[in-house]
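Just so you know, we're using the numbering used here here: the sequence shown kicks off at 24 and counts up by one.
Built from N, CA and C at the ideal position, the CB exists for glycine as well.
Since this is a predicted model, take the numbers as computed values, not measurements.
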Amino acid sequence: MIRLSVSTFAVPLLLGAALSLFAVACSSEQEAPAEEARLTTRGAGDLLTSAQDPVTAGFEDLSSPSPMAPRQEDITWEMLGVDYGGQEAPARILELFDFGCGFCRKFHEETFPTLAEKYIDDGKLLWKAVPFVIGNWANSVPATLAAECALGQGKVQYNQMADALFARQLEWKQVSEPEPVLEGIAADAGLDMEAFRACMATDEFLWRVQAHSSLARQMGVRGTPTFIVIGYAPFAGAIPLELFEQIIDTVLVKAARGDAP
Numbered sequence: 024m025i026r027l028s029v030s031t032f033a034v035p036l037l038l039g040a041a042l043s044l045f046a047v048a049c050s051s052e053q054e055a056p057a058e059e060a061r062l063t064t065r066g067a068g069d070l071l072t073s074a075q076d077p078v079t080a081g082f083e084d085l086s087s088p089s090p091m092a093p094r095q096e097d098i099t100w101e102m103l104g105v106d107y108g109g110q111e112a113p114a115r116i117l118e119l120f121d122f123g124c125g126f127c128r129k130f131h132e133e134t135f136p137t138l139a140e141k142y143i144d145d146g147k148l149l150w151k152a153v154p155f156v157i158g159n160w161a162n163s164v165p166a167t168l169a170a171e172c173a174l175g176q177g178k179v180q181y182n183q184m185a186d187a188l189f190a191r192q193l194e195w196k197q198v199s200e201p202e203p204v205l206e207g208i209a210a211d212a213g214l215d216m217e218a219f220r221a222c223m224a225t226d227e228f229l230w231r232v233q234a235h236s237s238l239a240r241q242m243g244v245r246g247t248p249t250f251i252v253i254g255y256a257p258f259a260g261a262i263p264l265e266l267f268e269q270i271i272d273t274v275l276v277k278a279a280r281g282d283a284p
């Protein structure tokens, strides 16, 4: 097993009962309205339960890495995902999502901008976004690789590409050959196209796609998006903005009091 060097984002998981919270989200996207209504009736305390029997997340495998990948034993949390916010923020959240997931699109377009403005920009929240391939949509593999190639050009370029992938989700999900569509999206997003084409052709960041997906499998993720407030059990699905704010506010209050999760 590959072990991560874990620091800021050490992830304790409730590997038993808490995984039942993964039953919703993009594994059953048609249930979104009913599930969102159900979650709205639950309080932050119902979702924000303390994790028991914490484990350190690692990888079961990282198969067929690209020649440009670092040695498996050298992979650290700092190398994975995309970080938003300061390292000293009192609240920390790990998000695992698939660019092909409709719930993930809804969250990134409707909820995350408000959370970023209210908590990340004020230094209260550190957010690590981890795009992976859950296996429901074949075209998620090249789409996720395209996002990683954009990240190779900078976080601004990644944000532009990620926004475009969600906004034009139906275009690349439904075609038999997604690469030309993804190239057009990258061009419209303002990427350096010579660098983008070279990255896609050489699978330069395929190891990150594989690493993120291996991480999600080991965590037992069955639906997207899945959120882990560090120190607490995971939850997933169409979480309304107001409930998400209650969850973060609860964590901040506990952190200010010095309460353990």
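Nearest to residue i (by Cα), restricted to the options the options
i                 : options                        : result
glycine 158       : Arg245, Asp282, Cys222         : Arg245
isoleucine 208    : Met184, Arg128, Pro113, Ile262 : Met184
histidine 235     : Phe155, Thr225, Arg280         : Phe155
aspartate 186     : Ala283, Asp121, Pro263         : Asp121
glutamine 176     : Gly108, Met216, Ala139         : Met216
phenylalanine 250 : Leu238, Ala152, Ile143         : Ala152
tyrosine 255      : Val204, Arg115, Pro93          : Arg115
threonine 137     : Leu264, Glu206, Asp282         : Leu264
glutamine 110     : Leu117, Phe135, Leu148         : Leu148
glutamate 202     : Ile253, Met223, Tyr107         : Met223
glycine 108       : Glu194, Gly146, Leu205, Gln233 : Gly146
alanine 259       : Thr99, Glu118, Glu101          : Glu118
leucine 205       : Val252, Glu171, Trp150         : Glu171
glutamate 101     : Ala139, Trp150, Glu140         : Trp150
Cα-Cα separation between residue i and residue j, rounded to whole angstroms
i                 : j              : result
phenylalanine 228 : alanine 221    : 11 Å
alanine 279       : methionine 242 : 29 Å
phenylalanine 267 : glycine 125    : 18 Å
alanine 92        : tyrosine 142   : 34 Å
threonine 134     : proline 248    : 12 Å
aspartate 282     : proline 257    : 19 Å
valine 105        : glycine 123    : 18 Å
threonine 64      : isoleucine 262 : With a pLDDT of 44 at threonine 64, under the threshold of 50, the predicted position of this residue should be treated as unreliable, though the coordinate-derived value follows. Each residue's alpha carbon lies about 11 Å from the other.
lysine 277        : proline 113    : 10 Å
alanine 169       : threonine 225  : 12 Å
alanine 218       : aspartate 211  : 15 Å
serine 237        : alanine 161    : 16 Å
leucine 214       : alanine 173    : 7 Å
glutamine 197     : arginine 191   : 11 Å
leucine 103       : arginine 231   : 7 Å
alanine 239       : glutamine 233  : 10 Å
serine 98         : aspartate 144  : One detail in the question is off: residue 98 reads as isoleucine in this sequence, not serine. One C-alpha to the other measures close to 28 Å.
arginine 94       : leucine 188    : 30 Å
glutamate 194     : isoleucine 253 : 35 Å
Bridge-paired residues (DSSP) for residue i
i              : result
isoleucine 251 : Leu117
aspartate 106  : Lys151
alanine 259    : Thr249
Proximity test, residue i beta-carbon vs the ligand MG heavy atom, cut-off 6 Å
i           : result
proline 165 : The model depicted lacks the ligand MG and carries no ligand whatsoever.
- request: Could you tell me whether the region 262-273 touches the region 173-185, using the rule of 3 or more Cβ pairs below 8 Å?
  value: no
Segments assigned alpha helix (DSSP H), at least 4 residues, entirely inside the region 173-219: 178-190, 192-196, 201-211
message: Under 8 Å, with one C-beta from each stretch per pair, do the region 160-170 and the region 130-141 reach the 3-pair mark?
response: no
query: Enumerated in chain order, which unbroken segments of the alpha helix (DSSP H) with a length of 4 residues or greater are wholly contained in the region 123-171?
result: 125-129, 135-138
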